[in-house]
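Novice: Residue numbers for the first sequence follow my numbering, beginning at 313 and rising by one. Where is the CB? At the ideal position from N, CA and C, for every residue including glycine. Keep in mind it's a predicted model, so treat the numbers as computed, not measured.
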Amino acid sequence: MNIFADFQKVVEAAVAQLVEQGKLPAGLDMSKVTAEPPRDATHGDISTNVAMVLAKPAGTNPRALAALLEPVLAAHADVGKVSVAGPGFINLTLKPAIWPRALAAVLGQKDAYGSSKLGQGEKVNVEYVSANPTGPLHVGHCRGAVFGDALASLLAFSGYEVTKEYYINDAGAQVDVLAQSAFLRYREALGEQVGEIPSGLYPGDYLKPVGAALAKEHGNSLLSRNDWLPLVRDKAISMMMDMIRDDLAALAIKQEVFFSEKSLQTSGAVAGALAALEKAGHIYVGKLPPPKGETPPDWEDREQTLFRASAFGDDTDRALKKSDGSFTYFASDVAYAENKIARGFGQLIYVLGADHGGYVKRLQAVASAFSGGKVQVDVKLCQLVKLFRNGEPVKMSKRAGEFVTLRDVVDEVGADVVRFMMLYRKNEAPLDFDFAKVTEQSKDNPVFYVQYAHARICSVLRNAPANLSGTPDFALLTDEAEVALIRKIVEFPRAIEAAALAHEPHRIAFYLYELASEFHSLWNRGKELPQLRFILEGQDNVTLTRLAFLTAIRYCLANGLRVLGVTPVEEM
RNA sequence: GCACCCGUAGCUCAGCUGGAUCAGAGCGCUGCCCUCCGAAGGCAGAGGUCAGGGGUUCGAAUCCCUUCGGGUGCGCCA
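Structure representation (structure tokens):
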């Protein structure tokens, strides 16, 4: 039950009724009409802008239109009072009976409270992480990983059919370097002294097991073969991907599709995709102008095979083949997009690092070219995470292989903390992550604060006497703090829906923080006003009511946390 | 030079896709609240020309233009 969505329909019906009576013209655009909680709760329970939005197209003014709508809305069974305020807001105060019904609905829906059919089963592809399979994930990958995963589960919760996907970059030069690095470790495993790993190769110890595995599998037979590279490469990639999957599992992330870039090339999909574009007239051979301003010193003016991305909103056309005729990385992306679209996705979401900003338009251009503009592409760019330890920035040197791995962070502070903190900020805002702060058990730490609210509720429920008699009666919840919480509970589905539509999971994190805050506030009122406590001896009806009330709050907290992939803990 | 992101309180950031006593939260600062289900909390005070300027309309922190300031990226790397 989402009373705001419900009342939006009520408002629309009221307009339709007036149209039918000939008091309003037909064909009014309802898309900007909203029904939302008013900023100030004293204005009522639901506020709609219908009169202001429709006044002009209806050829009247907001106050007059509001006056027309007022009696129609007042006739609704759940509406207690209608008032017109300000420039033409219509405020509805609902009859008190609606709240017990709303709370009862929450208790009935349990774990499903907040879920919806918003997406109507539309197929959505969320691609995230997609780190090169050349080593373990590092902190930089954390944010995109968590963000993508939370967004995927948010969309699934909202009625979309979501596929979580990882694109394996197993076709470029970097995996040959990986193979060479692994081969060195192989020789090392056979007893050779390899010394310092030459620069340009991957120095990390994590390739030692790959070398050992190769030695175990092949003995020294690879040394005498000159075709060892593909074999070593495949083994190394496979072991790196196992490691990456393990890293992701530590963050409770499990993607279902791991899509190989190489498979696109070997299967001919890349050539096929280019042929399709060619046929549609989106490809030509030509020269790109050098970038404005400083011309790169190594600039050579050469002909390339180009995609007419500029026809689809990109700044310039994009190279599909290098000057030597081989495919660019982007060509694989083109084939990959074609593949995704062929699989029937209506929306493609890419979660990328902020350094891929220049890539957004060409991805949209490709999808547009293949789908005729029908498939939507949303690229979510995640800004950098800055690590701190007690206020001091953590230094990382990539050259020396001294980067902080994702695993290091998760091992130190726990998956729940990492996940919540990564989501407690808009994706396009940079994020500071201080090891000391995020593990602190105080209200300064939002993860803790929200979890604490949930644990406190569980604590009360544990302490409740078993043999209460009577029935809950939500009409007994009349204190302002209680009423505020009921409103907040009722808002939950709306918060989820808004977050899903905007592809912004951080909104849920903020909602949960606010909900927790209202709860802690009510709790403390119980210190000053003992009659507000949850468990009251000898007043079973009140106690039962408040326990049911707490349970409803708990569903909001737990369901919201679950969407974010954070465990709702019962004790701390 | 071009494109994208950002600019809100001393600090870190929200602001529900244009709404109303709307300028908010947390930290920090000042002062309060445990005989009581978890004080691991809560309440109150001080603090901002929403970077500057213009425009769009009933209405702008939010949309458009522009200036300034910060970040990222910019043919064949992946």
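Throw me the rounded Cβ distance for the Gly447 and Tyr518 pair, which I believe falls under 8 angstroms.
Specialist: Confirmed, Cβ separation roughly 6 angstroms.
Novice: Taking the Cβ atom as the reference point for each residue, do Asn314 and Ser359 lie within a distance shorter than 7 angstroms?
Specialist: Cβ distance not < 7 angstroms, so Asn314 and Ser359 don't count as in contact.
Novice: Using a threshold of 7 angstroms, state whether the C-beta atoms of Leu718 and Asp488 are closer than that.
Specialist: Their beta carbons are not under 7 angstroms apart, which means Leu718 does not touch Asp488 by this criterion.
Novice: Does DSSP put Asp744 in a helix, in a strand, or in coil?
Specialist: Three-state DSSP puts Asp744 in a strand.
Novice: Which of the three DSSP states, helix, strand or coil, is assigned to His355?
Specialist: Here His355 sits in helix by DSSP.
Novice: From Val678 to Glu382, what distance separates their C-alpha atoms?
Specialist: For Val678 and Glu382, the distance between alpha carbons rounds to 49 angstroms.
Novice: Could you say which of Val436, Asn361 and Lys574 lies nearest to Thr640 if we only look at CA atoms?
Specialist: When each option's Cα is compared against that of Thr640, the closest is Lys574.
Novice: Just list the alpha helix (DSSP H) runs in the segment 560-620, keeping only unbroken ones of 4 residues or longer that don't cross its boundaries, in chain order.
Specialist: Qualifying alpha helix (DSSP H) stretches, in chain order: 573-578 and 581-591.
Novice: From what residue to what residue does the alpha helix (DSSP H) around Gln329 run?
Specialist: Counting along the chain, the alpha helix (DSSP H) containing Gln329 begins and ends at Ile315 to Glu332.
Novice: Where does Phe700 fall in DSSP's three states?
Specialist: Phe700: strand per DSSP, three-state reduction.
Novice: Can you give the beta carbon distance from Trp411 to Ile769, rounded, assuming they're within the 8 angstroms contact cut?
Specialist: Not really, about 19 angstroms apart at Cβ, beyond 8 angstroms.
Novice: Our contact map puts Ile801 next to Ile865 with C-beta atoms below 8 angstroms; I'd like the distance itself, whole angstroms only.
Specialist: Between Ile865 and Ile801 the Cβ distance is about 6 angstroms, and since that is below 8 angstroms, they are a contact.
Novice: So, for Ser442: in the same chain, excluding its five sequence neighbours on each side, which residues have a beta-carbon less than 6 angstroms away from its beta-carbon?
Specialist: Hits under 6 angstroms: Tyr478 and Tyr479.
Novice: Taking Val506 as part of the beta strand (DSSP E), name the residues at either end of that continuous run.
Specialist: Segment: none, Val506 is in no beta strand (DSSP E) and carries neither H nor E.
Novice: Let me know the secondary structure DSSP gives Gly684 once reduced to three states.
Specialist: If DSSP states are grouped into helix, strand and coil, Gly684 belongs with coil.
Novice: Closer than 8 angstroms is the cut-off here; do at least three beta carbon pairs connect the segment 567-586 with the segment 720-734?
Specialist: With a cut-off of 8 angstroms, the segment 720-734 and the segment 567-586 do not count as touching, because too few Cβ pairs lie within range.
Novice: Below 7 angstroms between beta carbons: does that hold for Arg455 and Cys694?
Specialist: Taking 7 angstroms as the Cβ cut-off, Arg455 and Cys694 qualify as a contacting pair.
Novice: What separation, rounded to the nearest whole angstrom, lies between the Cα atoms of Asp423 and Ile808?
Specialist: About 14 angstroms.
Novice: Distance check for Lys633 and Pro602, CA to CA, integer angstroms please.
Specialist: Whole-angstrom Cα-Cα distance: 17 angstroms.
Novice: What separation, rounded to the nearest whole angstrom, lies between the Cα atoms of Lys738 and Ala811?
Specialist: Approximately 11 angstroms between the Cα atoms of the pair.
Novice: Let me know if Asn757 comes out buried or exposed under the rule of 16 or more other beta-carbons within 10 Å of its beta-carbon.
Specialist: Result: buried.
Novice: Gln486 by DSSP, collapsed to three states: which one?
Specialist: Residue state, collapsed to three classes: helix.
Novice: Using the beta-carbon count (16 or more within 10 Å), is Asn532 buried or exposed?
Specialist: It counts as exposed.
Novice: Within 10 Å of its beta-carbon, does Asn779 have 16 or more other beta-carbons around it, so buried, or fewer, so exposed?
Specialist: Flag for Asn779 reads exposed.
Novice: Does the distance from the C-beta atom of Ala501 to that of Gly523 stay below 7 angstroms?
Specialist: Yes, the Cβ-Cβ distance between Ala501 and Gly523 is below 7 angstroms.
Novice: With Tyr736 as the anchor, note down where its beta strand (DSSP E) starts and where it stops.
Specialist: Element bounds for Tyr736: n/a, residue is neither H nor E.
Novice: Between the Cα of Phe401 and the Cα atoms of Val697, Ala379, Glu324 and Glu615, which residue gives the shortest distance?
Specialist: It is Ala379 whose Cα lies nearest to the Cα of Phe401.
Novice: Kindly list the residues whose CB is nearer than 7 angstroms to the CB of Thr857, restricted to its own chain and excluding five residues on each side of it in sequence; keep chain order.
Specialist: The answer, listed in chain order, is Pro784, Asp785, Phe786, Leu788 and Leu789.
Novice: Kindly identify the DSSP beta-bridge partner or partners of Ala347.
Specialist: In DSSP, Ala347 forms a bridge with Thr360.
Novice: Cutting at 7 angstroms between CB atoms, please list the residues of its own chain near His453, excluding the five before and the five after it.
Specialist: Val441, Ala443 and Leu718.
Novice: Where do the ends of the beta strand (DSSP E) carrying Ile808 lie?
Specialist: Taken as a continuous stretch (DSSP letters only), Ile808 belongs to no beta strand (DSSP E), being part of the alpha helix (DSSP H) at Glu792 to Ala814.
Novice: DSSP beta-bridge partners for Gln659?
Specialist: For Gln659, which the question treats as bridged, DSSP gives the partners Val436 and Gln688.
Novice: Starting from Gly523, trace the alpha helix (DSSP H) in both directions and tell me its first and last residue.
Specialist: Lys520 to His530 is the span of the alpha helix (DSSP H), which, as asked, contains Gly523.
Novice: Out of Lys566, Leu618 and Leu859, which one is the CA nearest neighbour of Leu600?
Specialist: Here the closest residue by C-alpha is Leu618.
Novice: In three-state DSSP terms, what is Gly392?
Specialist: Three-state result, Gly392: strand.
Novice: Could you tell me the alpha carbon to alpha carbon distance between Tyr764 and Met884, rounded to whole angstroms?
Specialist: Taking the straight line joining both Cα atoms gives about 7 angstroms.
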